[in-house]
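The block underneath contains the structure these notes are about, expressed in structure tokens.
Residue numbers (the numbering used here): 23 to 756.
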């Protein structure tokens with residue numbers, strides 16, 4: 023859709039693989055990718071660098087491109103005075119993080135598109151986010167900023183260079199995270215209680231979630247609350263923690279942030295009610311939310327949560343899956359409303375006018391109040407209004423005027439009662455309505471799909487499939503997780519060096535491609551993939567995944583560990599173009615790598631007997647100790663890990679034939695109980711197998727009376743044997 027013509031301009035980005043960089047390959051701006059060619063040109067011509075960082079599903083990135091980067095006149099100013107570099111932050115989170123640290127420190131805010139001006143030796147001295155092209159009443163325009171900065175460089179070069187050096191030293195100082203003095207892990211009980219109180223205070227009692235607006239799913243908060251509940255099941259605080267998590271998950275599933283027709287979840291809600299979202303869908307949200315909804319099902323036994331888990335995994339299997347087994351990164355928010363539209367609109371693929379719905383659902387409903395159509399029932403249930411249901415305050419560009427974002431406004435019982443139906447009938451009716459709308463929606467132009475495949479996000483999604491497969495007893499999900507893990511081994515791992523790669527791409531004829539110079543994996547790639555492999559082992563009991571996880575953990579230690587200040591750096595040493603080696607200190611839409619790695623290290627120690635990994639976990643907690651004690655709400659995943667560290671992981675060892683019915687009954691029992699501080703292993707009697715080689719103590723455990731037998735072990739010392747699943751369940755629920 024949209025007008026197609028031969029592009030007038032083509033720049034160096036045409037040779038890149040990233041969908042975001044390719045989107046800018048025909049700008050009149052002489053863009054370079056991040057790399058030596060651009061750096062050399064800046065030094066040779068003594069020019070400043072303009073660095074623009076974004077990602078392909080970022081709405082304001084599209085806006086700035088349309089207004090400024092596609093403008094011939096602004097392009098000429100950029101090319102004349104600057105060497106212009108474009109970065110996809112999902113490919114190069116290391117570059118993004120260095121300069122975002124600068125933008126946040128100097129402007130008090132951050133976000134994308136990020137616009138930063140650097141000296142020829144890459145030091146930042148000015149920056150911001152989105153700039154409108156021309157001066158307005160309240161803000162200066164991009165053209166003016168470009169000309170002013172070029173002028174400053176001509177007139178005051180030395181002052182600029184000096185200030186950039188000062189800025190860099192200040193950033194180095196403030197961004198340092200290191201252990202103070204002797205340093206020991208903070209007391210777990212206080213950290214957990216403080217984090218719970220901070221979350222409890224920011225909790226929205228009516229709609230769930232932890233802020234008024236915008237509202238993000240923030241799975242790390244829910245994961246923390248589930249663990250807090252598991253450790254305080256019998257107290258009022260524990261009950262409240264569980265209620266907060268389950269209510270939030272319910273309200274999100276009912277809300278417009280959940281795609282009721284096309285499945286999956288959008289990135290965040292612009293309002294307090296989870297109603298009007300920003301419509302992009304990110305892989306990392308689907309992976310984490312699949313894990314959270316399956317955990318909610320595991321704890322509550324409520325099928326509602328199992329259904330939402332299946333809904334997310336259906337979306338990912340259908341729309342974000344590569345035929346080779348990997349997972350794509352994201353779907354955009356903006357798309358063409360119809361095949362003949364000239365411009366894209368946010369949410370166009372997902373929203374509905376009332377008359378469209380009426381036309382699709384005209385059938386009279388049997389057994390309902392006289393004159394009721396399918397449309398009446400559907401529109402009532404999903405809050406559809408004739409003039410549209412989007413508050414104009416939440417739609418500044420009027421892109422959703424007259425449109426409806428579906429939100430389940432009533433319980434099935436209430437909707438059924440309203441039209442004189444049986445609740446049982448209603449489910450089937452609504453399902454038929456959703457099916458028809460899905461068919462109609464499939465005729466609309468689809469939003470842009472970012473087909474880049476990232477190791478870290480694939481790791482989060484593998485965990486989602488593996489955990490759901492275990493909790494819902496769905497073997498198909500475990501197989502899908504294993505298929506994706508095999509994909510990582512083939513396409514995002516270099517067996518020669520033993521290292522992970524960051525990204526690969528869908529190329530011509532749907533083949534999987536790699537860049538000419540592959541991007542090496544970052545800390546988060548290792549951490550999320552290792553977590554995925556542990557989750558996959560527990561769901562599949564294939565020991566090969568454990569072996570690979572432990573190999574990657576050794577490699578992570580080698581590349582990223584800070585022996586002086588403790589904890590892991592986000593990027594490896596030795597890249598001269600990276601001015602700072604940073605450690606992230608916030609669990610956001612994704613958990614930060616150091617938070618997840620604490621639990622990974624404790625699991626790795628349980629599967630390998632290497633106790634220095636337990637020591638490393640404690641050292642990470644020590645390095646973040648001050649933050650964990652004062653504002654643990656910024657690190658809920660690491661706060662959760664303090665409890666796992668403190669309570670020591672229990673090894674649940676089942677001796678038995680993995681295919682035997684008695685073993686399967688034991689496994690089902692272990693998987694149906696949420697217990698945050700356990701690791702599962704099956705000792706199948708194959709003394710040559712990987713686990714027996716790692717853990718000599720397993721050889722002393724045996725089956726009792728020829729039946730599958732469970733042992734609960736802590737620090738390799740084991741309980742008395744148990745042969746009944748019932749008894750095992752009692753031991754797992756404190």
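Glycine included, each C-beta is placed from N, C-alpha and C at the ideal position.
Q) Is residue 97 helix, strand or coil when you go by DSSP? A) Your numbering for residue 97 matches position 75 in the chain shown. Helix at residue 97.
Q: With DSSP collapsed to three states, give me the class of residue 632.
A: Your numbering for residue 632 matches position 610 in the chain shown. Of the three classes helix, strand and coil, the one that applies to residue 632 here is coil, per DSSP.
Q) Relative to the alpha-carbon of residue 52, which residue among 108, 76 and 266 has its alpha-carbon at the smallest distance? A) In the chain shown, the residue the question calls residue 52 occupies position 30. Selected option, being the one with the closest Cα: 108.
Q) Quick one: what does DSSP say residue 106 is sitting in, helix, strand or coil? A) In the chain shown, residue 106 corresponds to position 84, counting from 1. Three-state DSSP puts residue 106 in a strand.
Q.
So, with DSSP's three-state summary, where would you put residue 24?
A. One-based indexing of the chain shown puts residue 24 at position 2. Below a pLDDT of 50, predicted positions are generally treated as unreliable, and residue 24, at 49, falls in that range; the measurement from the model is reported next regardless. Residue state, collapsed to three classes: coil.
Q) Quick one: what's got a C-beta closer than 6 Å to residue 230's C-beta in the same chain, skipping five residues either side? A) In the chain shown, the residue the question calls residue 230 occupies position 208. Correct list, in chain order: 269, 270 and 273.
Q. So residue 164 packs on residue 96, CB below 8 Å; how close in whole Å?
A. Locating residue 164 in the chain shown gives position 142, counting from the first residue. Locating residue 96 in the chain shown gives position 74, counting from the first residue. Confirmed, Cβ separation roughly 7 Å.
Q. Leaving out the 5 sequence neighbours to the left and right, which residues in its chain are closer than 8 Å to residue 141 when beta-carbon positions are compared?
A. Counting from one through the chain shown, the residue named residue 141 turns up at place 119. Cβ neighbours of residue 141 beyond the five flanking positions: 70, 71, 147, 182, 183 and 186.
**Q.** Contact under 8 Å by Cβ, residue 500 with residue 486
**A.** Translated into positions along the chain shown, residue 500 becomes position 478. Translated into positions along the chain shown, residue 486 becomes position 464. The answer is no: Cβ separation not under 8 Å.
(Q) Within 8 Å of any Cβ in chain C, is that where the Cβ of residue 110 sits? (A) The structure shown contains no chain C; it holds only a single protein chain.
Q: Please confirm whether residue 677 and residue 750 have their CB atoms less than 8 Å apart.
A: By 1-based counting over the chain shown, the position of residue 677 is 655. By 1-based counting over the chain shown, the position of residue 750 is 728. Not a contact, by the Cβ cut-off of 8 Å.
Q) So, helix, strand or coil for residue 746, using DSSP? A) In the chain shown, residue 746 corresponds to position 724, counting from 1. In the structure shown, residue 746 adopts coil according to DSSP, grouped into three states.
Q: Measure the alpha-carbon distance for residue 64 versus residue 105 and round it to whole angstroms.
A: Taking the first residue of the chain shown as position 1, residue 64 is located at position 42. Taking the first residue of the chain shown as position 1, residue 105 is located at position 83. So the alpha carbons of these two residues sit roughly 6 Å apart.
Q) In three-state terms, what does DSSP make of residue 455? A) Taking the chain shown and counting its residues from 1, one reaches residue 455 at position 433. Helix at residue 455.
Q.
List, from N- to C-terminal side, the alpha helix (DSSP H) runs of 4 residues or more that fit wholly inside the region 320–386.
A. 325–341 and 376–382
(Q) Using 8 Å for Cβ pairs, my map puts residue 403 next to residue 432. What's the rounded Cβ distance? (A) Looking up residue 403 in the chain shown gives position 381. Looking up residue 432 in the chain shown gives position 410. Yes, they are in contact, since the Cβ atoms of residue 403 and residue 432 sit about 6 Å apart, within 8 Å.
Q: Would you mind stating whether residue 549 and residue 615 have Cβ atoms separated by less than 8 Å?
A: Walking along the chain shown from the start, residue 549 turns up at place 527. Walking along the chain shown from the start, residue 615 turns up at place 593. Taking 8 Å as the Cβ cut-off, residue 549 and residue 615 qualify as a contacting pair.
(Q) For residue 24, count the other beta carbons within 10 Å of its own beta carbon; 16 or more makes it buried, fewer makes it exposed. Which is it? (A) Within the chain shown, the letter at position 2 stands for residue 24. Confidence in residue 24 is poor, its pLDDT being 49 and thus under 50, which makes the residue's placement too unreliable to answer from.
Q | Rounded straight-line distance, which links the Cα of residue 744 to that of residue 731 | A | Along the chain shown, read from residue 1 onward, the residue named residue 731 stands at position 709. Along the chain shown, read from residue 1 onward, the residue named residue 744 stands at position 722. Roughly 6 Å between the two C-alpha positions.
Q.
Using 8 Å for Cβ pairs, my map puts residue 600 next to residue 138. What's the rounded Cβ distance?
A. Against the chain shown, residue 600 aligns to sequence position 578. Against the chain shown, residue 138 aligns to sequence position 116. The Cβ separation is near 14 Å, so there is no contact.
Q: Would you grab the beta carbon distance between residue 505 and residue 347 for me? Rounded to a whole angstrom, and I think it's under 8 Å.
A: As a working mapping, residue 505 is identified with position 483 in the chain shown. As a working mapping, residue 347 is identified with position 325 in the chain shown. Rounded, the Cβ-Cβ distance is 4 Å, consistent with contact.
Q.
Closest to residue 203 by C-alpha separation, out of 659, 648, 653 and 655, would be which residue?
A. Here residue 203 corresponds to residue number 181 of the chain shown, with the count starting at 1. The option with the nearest alpha carbon to residue 203 is 648.
Q | Range covered by the alpha helix (DSSP H) that runs through residue 61 | A | Reading the chain shown from its first residue, position 39 is the one you call residue 61. Residues 58–67.
Q | Counted within 10 angstroms of its Cβ, other Cβ atoms place residue 36 as buried (16 or more) or exposed | A | Your numbering for residue 36 matches position 14 in the chain shown. Exposed.
Q: Mind checking who residue 672 pairs with in its DSSP beta bridge?
A: Within the chain shown, the letter at position 650 stands for residue 672. The beta-bridge partner set that DSSP reports for residue 672 consists of 700 and 736.
Q.
Taking the alpha helix (DSSP H) that residue 610 belongs to, which residues open and close that run?
A. Against the chain shown, residue 610 aligns to sequence position 588. For residue 610, no alpha helix (DSSP H) run applies, since DSSP gives it neither H nor E.
Q | For residue 535, the three-state DSSP class (helix, strand or coil) | A | For the purposes of this step, residue 535 is taken as residue 513 along the chain shown, with counting starting at 1. Strand, per DSSP.
Q: Report the residue from 559, 631, 295 and 195 whose alpha carbon sits nearest the alpha carbon of residue 278.
A: Position 256 of the chain shown, counted from the first residue, corresponds to residue 278. Checked all of 559, 631, 295 and 195; the closest Cα to residue 278 is 295.
Q: Could you say if the region 250–262 and the region 282–292 meet the contact criterion of at least three C-beta pairs nearer than 8 Å?
A: Remark: fewer than three beta-carbon pairs, one from each stretch, lie closer than 8 Å, so the region 250–262 and the region 282–292 are not flagged as touching.
**Q.** Every unbroken beta strand (DSSP E) within the region 146–175, with a cutoff of 3 residues, ordered by chain
**A.** Those beta strand (DSSP E) runs which fall completely within the region 146–175 and span 3+ residues are 146–150.
Q: Pick out whichever of 495, 547, 537 and 530 has its Cα sitting closest to the Cα of residue 511.
A: Taking the first residue of the chain shown as 1, we reach residue 511 at position 489. Residue 511 has its Cα closest to that of 547, out of 495, 547, 537 and 530.
**Q.** Counterpart residues of residue 395 in DSSP-defined beta bridges
**A.** Working through the chain shown from its first residue, we reach residue 395 at position 373. Beta-bridge pairing links residue 395 to 386.
Q: Please check the pair residue 39 and residue 350, which I expect to be a contact at CB under 8 Å, by giving their CB distance rounded to whole angstroms.
A: As a first step, residue 39 must be located in the chain shown, where it is residue number 17. As a first step, residue 350 must be located in the chain shown, where it is residue number 328. Residue 39 to residue 350, Cβ: 13 Å. No contact.
Q | According to DSSP, residues forming a beta bridge with residue 71 | A | If you number the chain shown from 1, residue 71 lands on position 49. Bridge partners of residue 71: 105 and 140.
Q | Pair within 8 Å by beta-carbon distance, residue 514 and residue 541 | A | Taking the chain shown and counting its residues from 1, the one referred to as residue 514 is at position 492. Taking the chain shown and counting its residues from 1, the one referred to as residue 541 is at position 519. No, the Cβ-Cβ distance between residue 514 and residue 541 is not below 8 Å.
Q) Do residue 122 and residue 168 come within 8 Å of each other at the CB atom, strictly closer than that value? A) Translated into positions along the chain shown, residue 168 becomes position 146. Translated into positions along the chain shown, residue 122 becomes position 100. No, Cβ-Cβ distance for residue 168 and residue 122 is not below 8 Å.
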